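Student: Take 29 as the starting number for the sequence shown in the working numbering and just add one per residue.
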Amino acid sequence: MTEQSPVVAERRGTTLWITINRPERRNAINESVIEGIKAGMIMASGDPDVRAVVLTGTGDKAFCAGGDLQEGTSVFGDLIDEPTTDFGRLARVVRQMGIPIVGRINGACVAGGTALMSLCDLVVAADHARFGLPETKVGVIPVQVQVYFRNLILPRHALELILTGDLIDAQRAREIGLVNWVVPADELDGRVESVLEKLKGASPVATRRMKQAIATMEQMNFHEAIAYAEGQIMLTAQTSDAKEGLASFKDKRKPRWAE
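1) Measure the CB-CB distance between Phe159 and Ile129 and report whether it falls below 7 Å.
2) Report the residue ranges of all beta strand (DSSP E) runs contained in full by the stretch 179-255; include only those spanning at least 3 residues, in chain order.
3) With C-beta atoms as the reference, is Thr192 less than 7 Å away from Leu161?
4) According to DSSP, simplified to helix, strand and coil, what is Val103?
5) Figure out for me which residue from Leu44, Trp45, Asn58, Ser73 has the closest Cα to the Cα of Ala139.
6) Helix, strand or coil for Thr86? Go by DSSP, reduced to three states.
7) Take the Cβ of Phe277 as the centre, count every other Cβ of all protein chains shown within 10 Å, and call the residue buried at 16 or more, exposed below.
8) Which first and last residues belong to the beta strand (DSSP E) in which Val138 is found?
9) Can you give the Cα-Cα distance for Glu172 and Thr86, rounded to whole angstroms?
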């Protein structure tokens, strides 16, 4: 992926940065953007030295302004003829990832941009960012993002965004649970780096297992979930990372995780 590519993947230490690179179109989504993000996620998953992914957009105007409507109905693909969508295939790849994804929201995060943000485990937003789901204003529905919204925010908040199509500011996005942290734009990178440092301090094995457990337990009733959790506690306690973590606590030193 080159700097002229619609998506740029760049390794920075133990983090893979995936950047939507269409600033002239406010980083709008087309098929190439989705494919580029998916390729970056697959790249990160296949590299044992990558401990986290950052997903962001070029510039300070927009993280992603949604589907590129200048491309007409092609932005939605041949949905009638295909059993899956570009976003659906990306979401399935992300679902299997054992490393955390941090959303760096550097500006407008609208429509499909909000869906991309919802793929992230943690989200840091600049205070000038705006969020919304205005799809119904152009006669389509933001239904795929509801796969994530049902576990992120209350139904009333989701309905407010969908039915009104109104944009909300970053502070409101944090209040309703879409965003973890809101900072001034000039502090955005610093906060992202701070979050990445905390993630690097966690056990890679525990991180992978916890992400898998959360995804698995979503499909279970109470009795199934508590039994699964009990088993995972016992299994994880036998890992080399757990033994190292307990030893480092006893020795009052930082843990040395196995790579």
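Ideal Cβ positions, reconstructed from N, Cα and C, are used throughout, including at glycine. In this text, all values refer to a predicted model and were calculated from it rather than measured experimentally.
Tutor: To lay it out plainly:
1) By 1-based counting over the sequence shown, the position of residue 159 is 131. By 1-based counting over the sequence shown, the position of residue 129 is 101. In this structure, Phe159 keeps its C-beta atom at 7 Å or more from the C-beta atom of Ile129.
2) The stretch 179-255 is shown to contain whole beta strand (DSSP E) runs of 3 or more residues at 209-211, in chain order.
3) For the purposes of this step, residue 192 is taken as residue 164 along the sequence shown, with counting starting at 1. For the purposes of this step, residue 161 is taken as residue 133 along the sequence shown, with counting starting at 1. No, the pair does not count as a contact, with Cβ atoms beyond the cut-off.
4) Start at 1 with the first residue of the sequence shown, and residue 103 comes out as number 75. Note on Val103: pLDDT 49, under 50, position unreliable in the model; the coordinate value appears next. Reduced to three states, the DSSP call for Val103 is helix.
5) Along the sequence shown, read from residue 1 onward, the residue named residue 139 stands at position 111. Cα-wise, what sits closest to Ala139 is Asn58.
6) Against the sequence shown, residue 86 aligns to sequence position 58. In this structure, Thr86 counts as coil in the three-state DSSP scheme.
7) To locate residue 277, count along the sequence shown from 1; it is residue 249. Using a 10 angstroms sphere on the CB of Phe277, the tally of other CB atoms stays under 16, which defines it as exposed.
8) Against the sequence shown, residue 138 aligns to sequence position 110. Val138 -> beta strand (DSSP E) spans 136-138.
9) Sequence index remark: in the sequence shown, residue 172 carries index 144 (1-based). Sequence index remark: in the sequence shown, residue 86 carries index 58 (1-based). Position check: residue 172 holds Gln in this sequence, whereas Glu was assumed. It is roughly 24 Å from the alpha-carbon of Gln172 to the alpha-carbon of Thr86.
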